[in-house]
Each structure stands twice: as C-alpha cells, then as structure tokens.
Amino acid sequence: MEAAAGGRREAALGGLAVLPDEVLCAVVDLLPPADIGRLACVSSVMYILCNEEPLWMSKCLSIGGPLEYKGSWKKTTLSRLGLCSENDENLQKPRQFDGFNSLYLYRRWYRCFTSLSSFSFDDGHVERKDDLLLNQFRSQYDGKGPVLLTKLAETWPARTKWTVQQLTKDFGEVPFRISQRSPQKITMKLKDYVSYMQLQHDEDPLYIFDDKFGESAPALLEDYSIPHLFQEEFFDILDYDQRPAFRWLIIGPERSGASWHVDPGLTSAWNTLLCGRKRWALYPPGRVPGGVTVHVNDEDGDVDIETPTSLQWWLDIYPHLPEHEKPLEFTQLPGETIFVPSGWWHCVLNLETTVAVTQNFVNQSNFQHVCLDMAPGHRHKGVCRAGLLAVPGNSVKDNENHPSVPMSGWNHPDMSRFLSQFLEKERDHYSSIWSPTNSLGQREAREWLRRLWFLKPELRELVWKGACLAINVDKWYSCLEEICACHNLPLPTEDEKLPVGTGSNPVFIVSGNVIKIYAEGGLAYSVHGLGTELEFYDLLQKSGSPLINHIPEIIASGFLEYEDDIYRTVPWDGKGMPDVLVKHYPLEVSYANSCFPLGLWSKQRFGTSSSPDVSNRPIWPYMVTRKCKGDIFARIRDVLSKTDILPLASSLGVQMRNIHLLPLPHMEHVPKSGNSDVKDCDDAAVLPEWQQLVSTLNRRMKNVKKHLANWGNSVPQALIEKAEGYLPPNMDFLIKFVKDDGDLVHLLPSWIHSDIMDDNILIEGITESSSFSNSKGSYEADPEKMNAIHIIDFSDLSIGDPLCDIIPLHLDVFRGDTDLLREFLRSYQLPLLRGQANTDIYKSVKNSKFSRASYRAMCYCMLHEDNVLAAIFSLWKELRAATSWEDIENLVWGELNRYQESCTP
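Sequential numbering of the sequence shown, starting at 297, is according to the working numbering.
(1) What does a CB cutoff of less than 6 Å around V895 pick up in its chain, not counting 5 residues either side in sequence?
(2) Excluding sequence positions up to five away, which residues of its chain have a Cβ less than 8 Å from the Cβ of V876?
(3) With distances taken between CB atoms, is the gap from Q655 to I522 smaller than 9 Å?
(4) What residue from F542, N801, Q608, G310 has the CA that sits closest to A815's CA?
(5) For W609 and M997, I'd like the C-alpha separation in whole angstroms.
(6) Report yes if the CB atom of L1004 is closer than 9 Å to the CB atom of A1178, and no otherwise.
(7) So what's K447 in DSSP terms, helix, strand or just coil?
(8) Using the beta-carbon count (16 or more within 10 Å), is P959 buried or exposed?
(9) The alpha helix (DSSP H) with A766 in it runs from where to where?
(10) Taking the beta strand (DSSP E) that V558 falls in, what are its first and last residues?
(11) Using C-beta distances below 6 Å, list every residue in its chain close to D978, excluding the 5 sequence neighbours before and after it, in chain order.
(12) Would you list the residues sitting across from H642 in a DSSP beta bridge?
(13) In this structure, what does DSSP give as the bridge partners for F505?
(14) Here's a check: name, in chain order, each residue in its chain whose Cβ is nearer than 8 Å to the Cβ of H497, leaving out the five neighbours to either side.
(15) In this structure, what does DSSP give as the bridge partners for K1202?
(16) Whole angstroms are fine: how far does the CA of A1166 sit from the CA of S1010?
(17) Cα separation between K938 and F1110?
(18) Could you work out which residue in A541, Y579, T633, V592 is closest to L570 when comparing CA atoms only?
(19) For T650, which residues does DSSP report across the bridge?
(20) Tell me the rounded alpha-carbon separation between Q717 and N734.
(21) Return the Cβ separation of Q738 and W730 in integer angstroms, given the expectation that the two are a contact with Cβ distance under 8 Å.
(22) Suppose you measure from the CA of L517 to the CA of S606; what does that come to, to the nearest Å?
(23) In this structure, does DSSP put H1106 in helix, strand or coil?
(24) If distances are taken between C-alpha atoms only, which option among A671, R742, N397, L534 comes closest to E722?
(25) Is it right to say P917 is buried, meaning 16 or more other beta carbons lie within 10 angstroms of its own, or is it exposed?
(26) According to DSSP, is L830 helix, strand or coil?
(27) Quick one: using the 10 Å Cβ neighbour count with 16 as the cut-off for buried, is C337 buried or exposed?
(28) Using DSSP bridges, identify the partner residues of Y918.
(29) Roughly how many angstroms lie between the CA atoms of D532 and Y437, to the nearest whole one?
(30) Return the first residue and the last residue of the alpha helix (DSSP H) that H665 is part of.
(31) Put M484 into one of helix, strand or coil per three-state DSSP.
(32) Give the single residue among P316, V319, L309, C356 whose Cα lies nearest to the Cα of L335.
(33) Go ahead and pull the three-state DSSP assignment for S475.
(34) Which residues in the same chain have their Cβ closer than 7 Å to the Cβ of K355, if we skip the five residues on either side of it in sequence?
(35) Across the segment 1026-1034 and the segment 1177-1196, are there enough close Cβ pairs to call them in contact, namely three or more that are closer than 8 Å?
(36) Is DSSP giving K975 helix, strand or coil here?
Right, dumping it as structure tokens:
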C-alpha cells in the first residue's frame, strides 16, 4: 500500500524520489510509447508522470507526417501507432490520486490553461505610422529600428477574406505545414488544425507556419501584395526553386507564438496581421534576451539558440527584468504591419487566434550583413547575435565597461566593416565548410553574387563588398592579377572580376582563358590535384588519345606564393619537385624519383584525404587553360528536349570510353604508407592499384549505419537496418574473383574523372538569348552540333571502377532516364568487367551477385562520400517505400545488367 498525502511521492518513487520532477519528466520522454505504458503501471506517481499531455505531444510530434488530432495527445499518439481503437475505454477514464503535489507540473498546467485576455491595447515603445515615403523609410528606419505601419494593407482582399472561418471554408482540405520543436515535418489539413485549436490546452500550441502555402494554395497569393517599402529584394534574382524560404502563412491560437530568435541569415522582415492580436518584444542586434543562450558551433558556424517558449518567457522571465533591461514591446492589431530590421531579436505571443503573413528580404541596407553571415567560421556569427560576449577573452565583466547596446540598433558608422573584424582570417572563405543553416549554400551564394554583378551593375560597389565578406573575392582577385601579369595575359575587365562556376575552387574567365586557383582541401590535396591533372594531360599527348580534342588546352600552370604582402608566381609543369614546396612545405613523397612525383600514385597514397589546412598557408597551385566552346549543360538542360539530349549521351559514351581506355602511368614499388588516413588493405591479394579504394570503402562499411544516418532523413530507417546484410563481407569481393581452378582474377582499374556532373560538361550547338535571365529565355538547338562536347575539371582524377563515373552520369546528367543511359552505353562499348583476359573474368563471375553490375553500382552508391542516395530517392520517390536494397538496385541500375550480358564473350 502506498502512503497517502505528503508521503505518496517518496513511497511511489523509492530511490528516484531524490530527482526533481522536471528531470523525471525528461527521462520518461526518452522512452518509446510502449515502455511509457509499462512504466505507468509501476506506481501512482509514475502513472501521473506517464499520462502528462506534454509528454504524449512530444511522442506524437516525433513521428512526423500528416496529423489529425483526436482530442488528446495520448489518444492521438496511440492511434497513429495503431495501439488503440477510436473508442478505447481505457483512454477515457484517467485515474485520480490524492496526496501528490508538484510545483513543476502545476506551473506547466497553469501555462496550459492561462488566459491572455488581460493584455489590452497599449501604445508600446515602437513608433506607429500610417505610412512612409520610401526615402523616409530608408533614412529613418531601414537598418536602424522597427516601425509599426497601420495602413499598408488597407486595400488587400486578405483584410476581409483571411478569417479562420473563411479560410476553412475555402481551403479546409489543404494540408499546411506546422511549426513545432520537432525535427520531423508535420502537416495538418486546415479543417483538422482549426478543430485542434478549438480543443487543445497546450502550453506551446501548434501553429501553422508554412513557407510553401503559395504552392499548396496559390489563390492566397492573390489576396495580398508586397508593400511598396519592401519591394527591393536581392534574392528574387534567383530562380524560385533556388531561393531560400522567404514567405510564410502564420495561423495560431492563444498562447502560441515564436520564441526568441533572429531572422535567418540576418535578413529583414515585414509581418502583417490580418486578424487577432499579437504581443511583440524586441531587442537590438547583439543584445541577447534574458533566459536565452546562443551556441555557435566552432567548426561550421551553425547557430543554435536555447530559449523558453514565448509564453514561458512572458510569464516567468519578463516580470523579473529590471526596467532598463526590458525589451521594446507593443501589441499588434489587425491590419498593422511591423518592420523588423536585420539582426533584431524578437519574440511573439498570440493573445488570441491570429492569421498573419510575413516575408523576409535582402536589400541594400542589410546586404552586407547577409553576406557576412554566410561566411564560414563562428566568431562573427556570435558577435552578430550576442555582441562582444561572443569574443574570446571578453567576459561579462569586460562588457560592463562598454555602454550597453542602445535600443536604436546598430549605430556604428560602418557596421559591416566593424563586424568583419571578427571574421576568422585563417579560414579560406571560398572552400571552408559553411554552416548548414546558411540561407544559401556555397555554390548557390556564388551564383547569386554573380547574377547580382551582371543584373545590377549600378550596385557593383556594394556587391563587391558583399563578395569580399562571403567568399574573399578580393584575395582571389589579387591572385588573378598576379597570374595574368606573369603569363602576359590581359587584365580582367569589370565583367570578369568575379569567379564563375559552382566548383570548390575559384575559377575566372579572362579574355577567353580559364584561370583556376586550387583552394579546396588544403595544400597537399590541391598540389596532388594539379600534379595528377598535369600527368593526365601528358599521357593524353603521348598516347594520341582523341580525348585531347574534347578537354581544355593547358596554357600555363604553377604556384602562387604570398610573402611579405606580395604575391609572386612560380611556374611548374608537374615534373620534378618545385623548389617552393621543398623550401616551405616539405611533403612526404613516395614517388620522388618519378617523372611526376606529385601525380596519380602519390595522390592515391597521400592526397585522397581532403582535410583542410589549419594554418593560413601562403601558397596555392593554379592552372590556365583555353576556354572551350559551348555552354555549360547545367545552365541550359531544362530548356532542351530529350531528343536534344540524346546526341549528348552518345558523345559522352565515346569520351568516357576514351578516358577509361587511357593507360595508367607506371607504378613503382613503394613501402607501406605511414599515413594513418590511407591504410593498406588487409588482404594482400588485392592489387596495389585497388588498395586505396578497397580500404576506404571497407572503413565506411564497418560503420555503414552511422554513415547512412549522417544523411539525415534521406535514407529510410528500415533500409538503414538492412544495409549490413546487403553489402559484401569485404569490398574486395567486387574487384577480385576466383576461377574454377582456384586462381584469382582481378578487375583492371581505370582512370576515373570522379565528377562527371552537368556543370562539368560543355555542349555546342545551343543559341541562347541571355546568359543571366530569370526566365527560361529562348534557345535554339542545332542537332548537327549537339554531339560536339567538352569535359572540364579534372582536378578530382583518380583510379577505380568505371562504374564510379557512370553513377553521376546516370543520376545527375541523365536524371535517371534509362533511354539516355542506354544511348550512352551504346556508344561506350566497353565491358563493365575488364581484366587481363575478359574471357577468364566472365567465366569466373558467372552467377555471382558480386559481379552483377547493378549490385556493384548500388554498393558504391551506399558507401559514397557524398549523399548519392538522396538523389536516388529524389528521382524515384516511390523508392522511399521500398522494402529492400534489391528493389532499389533493380529499378535504378537494372539496365547495366542487360548491357553487361550483351558484352559477355
């Protein structure tokens, strides 16, 4: 028997009674629903803790997907998991216990049932204006402080149409995205969400926060227009599918809202309320609200903010703030639009059911802040959000000696320049890892800056400043000028000052010449990239391969050295060890006596690990080539028909055949590598040429579940669990086979381009109207010239299985089109299993799954260093429901088996 009154907790929990209730609730939240049900049977207090609605809300939201609320979160969760029926009596008769008190549970219960009707209208601390002239807005508020505008939305149809009742009538069956603290994407039909709002008593209610509402309910876009003050938008220069999320429909009940945050990427925002009331609190940039903690990852700059819910903050923290620490605050009424400048902290609490629309934007005022926030590193991101507290060595005490951040915001005369001093100079902003939460990725950001450069020439001075912050363009331009001077090339024009392309190295086009500066992966990686590329070109010349007519012509190559604030060039053709490396960067070279000591074999043993340098190395390899004819396929592919692309597939088959037939350079015997990143294969029977690849793949295979889980939700969990059973015991099973007499037969490795993507293929015969048009433009294709192609960017050259080149071709260039793959293979005409004697190979592998082309290709995809599987599940969405890897293999790569059978002697 459990004791009554004050003794119930101790008697029911035993030794666990020493733990606070909030800790016990957190522990219970870690359990799966079935275990929570069992734990509820242990004691009366465990029964209470295990039946808390916030617990079951957390369990339900962790499932993700479409959601229909059943009146309670426990019932909704068990129903979604198939663990109860609609009319289960056990869910409708909760047990009652006396003698147990919990201040933690009471406060949570209070937040669930508190009413916010006592918040009445107030003048607040934010200026209210009917409207502003554009020049008034820019001079007085843009980038300076918030302003509330009362008449911007007077003529919108949304002012009368966007009520909960009317929206439910017009869009009740439309699913909208729900915002909640869950990694899973959750949607609810609007009619179900409205029903939830009426039934719920959650302390942090779900609310609609949908950035795709314009796609799911396009008619809503006709009900409002962007106010005249906010129409300058630099992101709209990108295609719609390239733009970061920028507009949201927001619907939420009383007590819901957005907790403290700074808008993504330091963009500015406007928010118009159509019905209901919202309570706002704001702090200027760098002034972190009480109760909020900012974490910035020192590796990739990812920003994570720990904050209570908006309701918790208003109830528990706000009342205890001294007057001088309280935020700017106001109540927003229907029809009013609030402007939130770049970098401002804000928190929003819905005082009643509200409907609103909001958009984020980049304009001249915040452009440099947005570019600064894209730059890799963590210190500047911390300063932008937490002020000088984020600077190492600056304690809270130190900051008390500085005046507090004024409520008027960033008042420094050149704030971007002030903030740029906190950039980490040792990081290479062009190729270092960018934060996964950046508004744009590295490649997209470079394309965005280049489009702005061409389409907004009147703003080039501003765009240049932004490019210097985001990608260090001033540094690379200085390198470019020195290379041009050294090789008597024309200096770049204004149009040629920004790098081109989406690769990982700075590339400039100057007067028909392509100048690539090797920056990716650190010195050893980039030196071996250049050395291998020069060796490859030398072999092409000596062998007389026709491929030479379909790749760029090399004009010059060498190194850039930075010393005493001066750049100087050191020419190098790949032969011999360059003095500049011997002097400043002694490298362990296994093939020092070969003609190309930093070529293919040295790269295989030393340079395959692309870990970046930690020091600010003052040397970069470079190469100058003649610009090839044609257009980048990635830029024009969407306007070409399948018939237009078939000649390209055929031509690629011919040129990939030429690459894979090129002889490998002579391999000298060398001792085992001392590089811990490049371990020799455990099986001595594997040819030395294969040991690097087999060792790398085996290392990934040992942790294949972790490897696949690193891709987030790209791979269904059910397939991750089956990965070990699908892969071979050892990856050398894919490249060596046993004949009937017991002898081993090895596949022969080939040169591998490793990056045959749509942005590394140039195609002739296309006439386009404009290079930088947001629209699709007009293009004409000349079928007779469509098979004239060039392949570029050989810096990732390696050796391996030719299938490793066919994978990106099929998934990226052909986008999974089997007809294009078939046309490619028709011209390729090489067996997918090649050895010294192909007859021996085919006799050895008959009926072996390890030799099956589709199986080998699938294994390479699963263990690839990039998220290849995401491309597969994107192209074949039905495969997310696949129950086995064999199903995926057959659908994606089955055509390879048919081709392999046709090549059988």
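Virtual Cβ for every residue (Gly too), placed ideally from N, Cα, C.
Taking the definition as stated:
(1) For the purposes of this step, residue 895 is identified with residue 599 of the sequence shown, where counting begins at 1. A small correction: the amino acid at residue 895 is Gly; Val does not occupy that position in the sequence shown. Excluding positions up to five away in sequence, the list reads G827, T828, E831.
(2) As a position in the sequence shown, residue 876 is number 580, starting the count at 1. Taken in chain order, the residues that qualify are F855, E857, V866, I915.
(3) By one-based count along the sequence shown, residue 655 stands at place 359. By one-based count along the sequence shown, residue 522 stands at place 226. Yes. Within cutoff.
(4) Position 519 of the sequence shown, counted from the first residue, corresponds to residue 815. When each option's Cα is compared against that of A815, the closest is N801.
(5) Here residue 609 refers to the residue found at position 313 of the sequence shown. Here residue 997 refers to the residue found at position 701 of the sequence shown. Approximately 47 Å between the Cα atoms of the pair.
(6) Numbered from its first residue, the sequence shown carries residue 1004 at position 708. Numbered from its first residue, the sequence shown carries residue 1178 at position 882. No, the Cβ-Cβ distance between L1004 and A1178 is not below 9 Å.
(7) Working through the sequence shown from its first residue, we reach residue 447 at position 151. Three-state DSSP puts K447 in coil, outside helix and strand.
(8) Here residue 959 refers to the residue found at position 663 when the sequence shown is read from its first residue. Label assigned to P959: exposed.
(9) For this step, residue 766 is matched to residue 470 along the sequence shown. 756-767 is the extent of the alpha helix (DSSP H) around A766.
(10) Reading the sequence shown from its first residue, position 262 is the one you call residue 558. Counting along the chain, the beta strand (DSSP E) containing V558 begins and ends at 553-558.
(11) Along the sequence shown, read from residue 1 onward, the residue named residue 978 stands at position 682. Bear in mind that the predicted position of D978 carries a pLDDT of just 49, short of 50, making it unreliable; the figure below should be weighed with that in mind. None.
(12) If you number the sequence shown from 1, residue 642 lands on position 346. In DSSP, H642 forms a bridge with H557, L578.
(13) Mapped onto the sequence shown, residue 505 falls at position 209. Beta-bridge pairing links F505 to I546.
(14) The count along the sequence shown starts at 1 and reaches residue 497 at position 201. Correct list, in chain order: E349, C408, F409.
(15) This structure cannot speak to residue 1202, because the chain is shown only from 297 to 1201.
(16) Working through the sequence shown from its first residue, we reach residue 1010 at position 714. Working through the sequence shown from its first residue, we reach residue 1166 at position 870. Computed Cα separation, rounded: 5 Å.
(17) As a working note, residue 938 is residue 642 in the sequence shown. As a working note, residue 1110 is residue 814 in the sequence shown. Whole-angstrom Cα-Cα distance: 10 Å.
(18) The sequence position of residue 570 within the sequence shown is 274, counting from 1. Closest option to L570, Cα to Cα, is T633.
(19) Residue 650 sits at position 354 when you count from the first residue of the sequence shown. Answer is G548.
(20) Counting from 1 along the sequence shown, the entry for residue 717 is found at position 421. Counting from 1 along the sequence shown, the entry for residue 734 is found at position 438. If you take the alpha carbons of Q717 and N734, they lie about 20 Å apart.
(21) By 1-based counting over the sequence shown, the position of residue 738 is 442. By 1-based counting over the sequence shown, the position of residue 730 is 434. The pair is a contact, with the Cβ atoms about 5 Å apart (cut-off 8 Å).
(22) On the sequence shown, residue 517 is found 221 positions in, with the first residue counted as 1. On the sequence shown, residue 606 is found 310 positions in, with the first residue counted as 1. When rounded, the distance between both Cα atoms is 29 Å.
(23) Start at 1 with the first residue of the sequence shown, and residue 1106 comes out as number 810. H1106 falls in the helix class under three-state DSSP.
(24) Taking the sequence shown and counting its residues from 1, the one referred to as residue 722 is at position 426. Nearest C-alpha to E722: A671.
(25) Walking along the sequence shown from the start, residue 917 turns up at place 621. With 16 or more other Cβ atoms within 10 Å, it is buried.
(26) Here the question's residue 830 lines up with position 534 in the sequence shown. The answer is helix: DSSP assigns L830 an H, G or I state.
(27) In the sequence shown, counting from the first residue as 1, residue 337 sits at position 41. With fewer than 16 other Cβ atoms within 10 Å, it is exposed.
(28) Here residue 918 corresponds to residue number 622 of the sequence shown, with the count starting at 1. DSSP lists I813, G854 as partners of Y918.
(29) The sequence position of residue 532 within the sequence shown is 236, counting from 1. The sequence position of residue 437 within the sequence shown is 141, counting from 1. Spanning the two alpha carbons is a distance of roughly 23 Å.
(30) In the sequence shown, counting from the first residue as 1, residue 665 sits at position 369. Residues 663-670.
(31) By 1-based counting over the sequence shown, the position of residue 484 is 188. DSSP places M484 in strand when its eight states are reduced to three.
(32) Taking the sequence shown and counting its residues from 1, one reaches residue 335 at position 39. Nearest C-alpha to L335: L309.
(33) In the sequence shown, residue 475 corresponds to position 179, counting from 1. Looking at S475 - three-state DSSP - the assignment turns out to be strand.
(34) Residue mapping note: residue 355 aligns to position 59 of the sequence shown, counting from 1. Here the set comprises P329, T373.
(35) no
(36) Taking the first residue of the sequence shown as 1, we reach residue 975 at position 679. Bear in mind that a pLDDT of 45 at K975, under 50, signals an unreliable position, so the number given afterwards is only what the model happens to contain. Coil, per DSSP.
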